[in-house]
Amino acid sequence: MVDTSFATYFRERLLNWAAEIERPMPWKGEKDPYLIWLSEIILQQTRVEQGMPYFENFKRDYPTVQALAEAPEDEVMKLWQGLGYYSRARNLHAAAKIVSSTYEGKFPADHRQLLSLPGVGPYTAAAIASFAFALPYAVVDGNVFRILSRVLGIDTPVDTTAGKKEFARIAQELLDQEDPARYNQAIMDFGALKCVPRNPDCERCPLADRCIALRDGLIDLLPVKEKKLVRKDRYFQYFILQWKDQVVIRKRTAKDIWRKLYEFPLIETTGIEFGGWAQSDLWRELGLKEAGELKRTAGPFRQQLTHQRIVAVFREIELAGPPSELPEDYLVVDRKNLAKFAFPKLIDCYLRDNSLNLF
DNA sequence: AAAGCGGGGTA
DNA sequence: TACCCAGCTTT
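Just so we're aligned, residue 103 is where the first sequence starts under this note's numbering, counting upward by one.
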């Protein structure tokens, strides 16, 4: 249980601080639940500056949830291109369809129903409930974990079930019931501007006089995370199979990175041994008797993802004519239409480098 | 409970 | 390089 007098102190200092600062954002003070939801999905694990242009683009192309629901999935993926965590785009589209049909285009003013939408978890449900409907649900995001663990000196790992539960309970107790939206906005602004991950501004912190971590010299040790990142290396060889102005691409459908984005035919190897590709099964699957004539190899390109390091080369190959077999998910497109498809950053970089003069 | 999922900013 | 960001879903 959080001490009542501490809760009062915390709220008051936080709200007073927030009243003094400015942090303009396109969705701040927004009342349309659709736009609030849209901004929250975009901002999941994404810094505000990075998400801002995407919010504007989605708002422009899909002014209403119905417009988004009616859009083709590939179009939504294309607009999301470059933002990462593409399941967000897929869930965004799916949720738009649900709201459009089941809820007649209106987001439910109910925390539990919000939580049931695909892509809406505890944080996002609380954000929509408070910002759109003034309901008393405290947001718990990375900022909140950091602030509460420091001020209260809690070393329970935040990336465990017990940690999530404990911090959620405390956050809910601290919430200002009078104006949940203002409070939620304030605590996230505070985490983003004042109680930042490294070198926080403790000298001018309104909570410094009661901050346990500051008193005990634990600022750099909190919050505690238990799991450490494991990173794996992957080696991709992409084949740009061309004849005239036609090129083969395919949609990624497996449960893997970049699902529902497009790429070129791919051979993945377990190591840097990039030879032997001419004998790959890929050519047989495409109904090609031989690998074709290699015109150029570009790369290696590297991309660092959170959990994977990708090393990729791009081999440009001239075919005499179209492949006789195109497996499911493969398609032939005109070179000038490539820009209509959503590609991972890695491939987008390659395409830009070559400014579409593939040969 | 643990793993998987992007891309970019910062120290 | 390592960590973090207005986290969620699947296994």
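Here a beta-carbon is modelled for each residue, glycine too, at the ideal position from N, C-alpha and C.
Just so you know, these numbers come straight off a predicted model, no measurement behind them.
State the DSSP-derived secondary structure class of residue i, mapped to helix, strand or coil.
i    : result
E206 : coil
K346 : coil
L460 : For L460, the predicted model reports a pLDDT of 47, less than 50, meaning its position is unreliable; a value from the coordinates is still stated below. DSSP places L460 in coil when its eight states are reduced to three.
K353 : strand
I419 : strand
P135 : helix
A240 : coil
D303 : coil
D358 : coil
V178 : helix
S426 : coil
V201 : helix
I256 : coil
R125 : coil
E392 : coil
L331 : coil
L145 : helix
L185 : coil
L324 : coil
G378 : coil
Quick one: give me the first and last residue of the alpha helix (DSSP H) that residue i is part of.
i    : result
Y432 : Note, Y432: premise wrong, no alpha helix (DSSP H); beta strand (DSSP E) at Y432 to D436.
I249 : G244 to V253
I289 : P282 to L295
Q168 : V167 to E172
M154 : V150 to D163
Q274 : T263 to L276
T226 : P224 to F235
N118 : T106 to E122
C451 : K447 to D455
Q215 : H213 to L217
A441 : Where A441 is concerned, there is no enclosing alpha helix (DSSP H), given that its DSSP letter is neither H nor E.
W385 : D383 to E387
L316 : I314 to D318
Terminal residues of the continuous beta strand (DSSP E) containing residue i?
i    : result
K397 : E395 to Q406
Which residue or residues does DSSP assign as beta-bridge partners of residue i?
i    : result
E370 : F338
V413 : Y337 and R404
E365 : R352
Compute the distance between the beta-carbons of residue i and residue j, then report whether it is under 7 Å.
i    : j    : result
I272 : L295 : no
Y364 : K357 : no
F366 : F341 : yes
A109 : L316 : no
Y225 : V241 : yes
K330 : D261 : no
A229 : L237 : no
P308 : R248 : no
V349 : R437 : yes
A288 : L407 : no
L181 : A198 : no
P128 : F157 : yes
F235 : A211 : yes
V178 : H195 : yes
R113 : D243 : no
L384 : I369 : yes
D291 : A121 : no
I123 : E132 : no
N245 : G319 : no
T355 : D431 : yes
**Asked** With contact counted as at least three CB pairs below 8 Å, one residue from each stretch, are the region 408 to 424 and the region 319 to 339 in contact?
**Response** Taking 8 Å as the limit for Cβ pairs, the verdict is that the region 319 to 339 does touch the region 408 to 424.
**Message:** For the pair the region 420 to 429 and the region 391 to 401, tell me if three or more CB-CB distances fall below 8 Å.
**Reply:** The count of Cβ pairs closer than 8 Å, one atom from the region 420 to 429 and one from the region 391 to 401, reaches three, so the stretches are in contact.
**Asked** With contact counted as at least three CB pairs below 8 Å, one residue from each stretch, are the region 280 to 299 and the region 217 to 225 in contact?
**Response** The region 280 to 299, when compared against the region 217 to 225, does not touch it at the 8 Å Cβ threshold.
**Request:** Please confirm if the region 203 to 215 is in contact with the region 242 to 262, defined as three or more CB-CB distances below 8 Å between the two stretches.
**Result:** Segments in contact, no.
**Asked** Pairing CB atoms from the region 137 to 152 with CB atoms from the region 302 to 320, are three or more of them under 8 Å?
**Response** Touching, no.
**Message:** Would the region 144 to 161 count as touching the region 181 to 200 if we require 3 or more Cβ pairs under 8 Å?
**Reply:** Result yes; three or more Cβ-Cβ pairs closer than 8 Å.
**Prompt:** Three or more beta-carbon pairs under 8 Å between the region 444 to 456 and the region 424 to 431, yes or no?
**Reply:** No contact exists between the region 444 to 456 and the region 424 to 431.
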